[in-house]
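Below is one structure, written out as C-alpha cells; the observations come after it.
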Ligand code: PMV
C-alpha cells in the first residue's frame, strides 16, 4: 500500500530564531521540541511544493529514497537521518511499529536558494499521519495537531499547513487572514553553496549574542506592527518592518560569540540595489532573508512594472528564481 501527500514552502517575515529552554533534546520528549522564543509570521509559497510517498516495507527499518518522476533530490546521510527520525517520532506518537519506504522530492531545485525543510517535514507529517490513521482506522487529527507534530521535526514546517499567512506563537501555527492573498515571489540567488552554519546551529548560537536579551520583545513588537501595516495595506511600512526584521536576525549572528554570518559581497550589492530602488520610486517589493546569503522578494500582483524593473536591475548580476504561477 502507498500513501502520498504534499506541502508548500513558506518564507518568514518575522523570523523564528532561538528555541526556548529544554528544546534541544534529540528524543522529542514531552512535546517541547522546537518551541520558539518569539512568535513568527510567514507567507506560504504555494507554487513551491514538497512531495512525500510512503510505501509499506517488510524491512526492519524505514528507508529513504528519492521520489521518481520529480526533480531529482539527493539527501545526504545526515539529512536522511533527520527526516527518518521525524517519521519514527510520529510512529511512536501513534504506537505504530511497521516500516516504510519514504520517498520524497521537491518541485523546486535544491540549489535555488530555498530551504526545503519546512515543506518536506510538513509533507512527511501529513503523509505519515494519513497512512497510520487509515491503518488504525482512526479519524485524522486536526490541522493544529498536524502543525504541532510537524513543528517537532522542523520548527518552520508548522507554518506550512496554513495560507496565505501563518502565525506561529507556541505549539502550532494558525492561518492569519490578511488582505494580500496572492503575492509574487522571487529569489535572488547570490550563492548555491551549502551553508557552513545550519539553521539548527544558528538557533543555539544566537543565545551568545548580547543583543539576544531583548530579541523576543523586539520580535513581538515588530510582529504587532507588521500585522497592523498589512491590515492597513501600508506596503511601505510593511517593507520597512520586514527589512528591519531580517537585519535584526542577521545582527544576532554577527554579534554571537564567536561571530558568524551568511552575507556575501553579492548579498550587499543586491540589498543596495533594492534599497536604492525603493528610495527612487518610493515603491518596491518586501525584502527578506533566511539564514543564508540569498534574498527573497514579495510583490503585490499589480506591481508588474516594479517586478519587471527589479528583474532587469538584478538579472545582469544574479540568477533569479522566479516561478511561473
Ligand atoms: O525550521 P528551522 O529550524 O530550519 O528554522 C528556520 C529559521 C529561519 O528560516 C531562519 C527563520 C524562519 O522563521 O523560517
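Numbering (the numbering used here), first residue to last: -16 to 308.
C-beta atoms are modelled at their ideal positions from N, C-alpha and C, and glycine is treated no differently.
Here the structure is a predicted model, which is why all the values come from computation and not from measurement.
Can the beta-carbon of residue i be found closer than 8 Å to that of residue j?
{"i": "residue 34", "j": "residue 50", "result": "yes"}
{"i": "residue 81", "j": "residue 142", "result": "no"}
{"i": "residue 27", "j": "residue 149", "result": "yes"}
{"i": "residue 15", "j": "residue 153", "result": "no"}
{"i": "residue 193", "j": "residue 24", "result": "no"}
{"i": "residue 99", "j": "residue -8", "result": "yes"}
{"i": "residue 77", "j": "residue 126", "result": "no"}
{"i": "residue 249", "j": "residue 301", "result": "yes"}
{"i": "residue 32", "j": "residue 84", "result": "no"}
{"i": "residue 135", "j": "residue 72", "result": "yes"}
{"i": "residue 107", "j": "residue 69", "result": "yes"}
{"i": "residue 109", "j": "residue 202", "result": "no"}
{"i": "residue 165", "j": "residue 274", "result": "no"}
{"i": "residue 191", "j": "residue 221", "result": "no"}
{"i": "residue 283", "j": "residue 226", "result": "no"}
{"i": "residue 168", "j": "residue 281", "result": "yes"}
{"i": "residue 189", "j": "residue 1", "result": "yes"}
Helix, strand or coil: which one does DSSP assign to residue i?
{"i": "residue 71", "result": "helix"}
{"i": "residue 299", "result": "coil"}
{"i": "residue 53", "result": "coil"}
{"i": "residue 287", "result": "helix"}
{"i": "residue -14", "result": "strand"}
{"i": "residue 304", "result": "strand"}
{"i": "residue 195", "result": "helix"}
{"i": "residue 1", "result": "coil"}
{"i": "residue 36", "result": "strand"}
{"i": "residue 46", "result": "strand"}
{"i": "residue 15", "result": "coil"}
{"i": "residue 165", "result": "coil"}
{"i": "residue 171", "result": "strand"}
{"i": "residue 112", "result": "helix"}
{"i": "residue 189", "result": "helix"}
{"i": "residue 8", "result": "Here residue 8 scores only 48 on pLDDT, less than 50, and its place in the model should not be relied on; the value that follows carries that caveat. Residue 8: coil per DSSP, three-state reduction."}
{"i": "residue 86", "result": "strand"}
{"i": "residue 107", "result": "helix"}
{"i": "residue 123", "result": "coil"}
{"i": "residue 156", "result": "strand"}
{"i": "residue 23", "result": "strand"}
{"i": "residue 282", "result": "strand"}
Given this structure, state the Cα-to-Cα distance separating residue i from residue j, to the nearest angstrom.
{"i": "residue 123", "j": "residue 144", "result": "14 Å"}
{"i": "residue 186", "j": "residue 298", "result": "32 Å"}
{"i": "residue 162", "j": "residue 266", "result": "18 Å"}
{"i": "residue 86", "j": "residue 196", "result": "42 Å"}
{"i": "residue 231", "j": "residue 97", "result": "20 Å"}
{"i": "residue 295", "j": "residue 157", "result": "37 Å"}
{"i": "residue -16", "j": "residue 39", "result": "6 Å"}
{"i": "residue 111", "j": "residue 256", "result": "44 Å"}
{"i": "residue 178", "j": "residue 92", "result": "16 Å"}
{"i": "residue 20", "j": "residue 287", "result": "37 Å"}
{"i": "residue 242", "j": "residue 276", "result": "16 Å"}
{"i": "residue 223", "j": "residue 229", "result": "10 Å"}
{"i": "residue 30", "j": "residue 306", "result": "7 Å"}
{"i": "residue 53", "j": "residue 88", "result": "6 Å"}
{"i": "residue 175", "j": "residue 252", "result": "17 Å"}
{"i": "residue 137", "j": "residue 151", "result": "13 Å"}
{"i": "residue 55", "j": "residue 43", "result": "26 Å"}
{"i": "residue 103", "j": "residue 140", "result": "8 Å"}
{"i": "residue 120", "j": "residue -14", "result": "15 Å"}
{"i": "residue 7", "j": "residue 292", "result": "Because the pLDDT of residue 7 is 49, which lies under 50, any placement of that residue in the model is unreliable, and the number read from its coordinates should be weighed accordingly. The alpha-carbon atoms of residue 7 and residue 292 are separated by roughly 44 Å."}
{"i": "residue 9", "j": "residue 272", "result": "A caution first: residue 9 carries a pLDDT of 49, below 50, which makes its placement in the model too unreliable to give a value."}
{"i": "residue 289", "j": "residue 75", "result": "50 Å"}
{"i": "residue 131", "j": "residue 146", "result": "16 Å"}
My assumption, with CB atoms under 8 Å, is that residue i sits in contact with residue j. Please give the rounded CB distance.
{"i": "residue 171", "j": "residue 303", "result": "6 Å"}
{"i": "residue -6", "j": "residue 279", "result": "5 Å"}
{"i": "residue 198", "j": "residue 235", "result": "7 Å"}
{"i": "residue 22", "j": "residue 209", "result": "Going by Cβ atoms, the distance from residue 22 to residue 209 rounds to 11 Å, so no, they are not a contact pair."}
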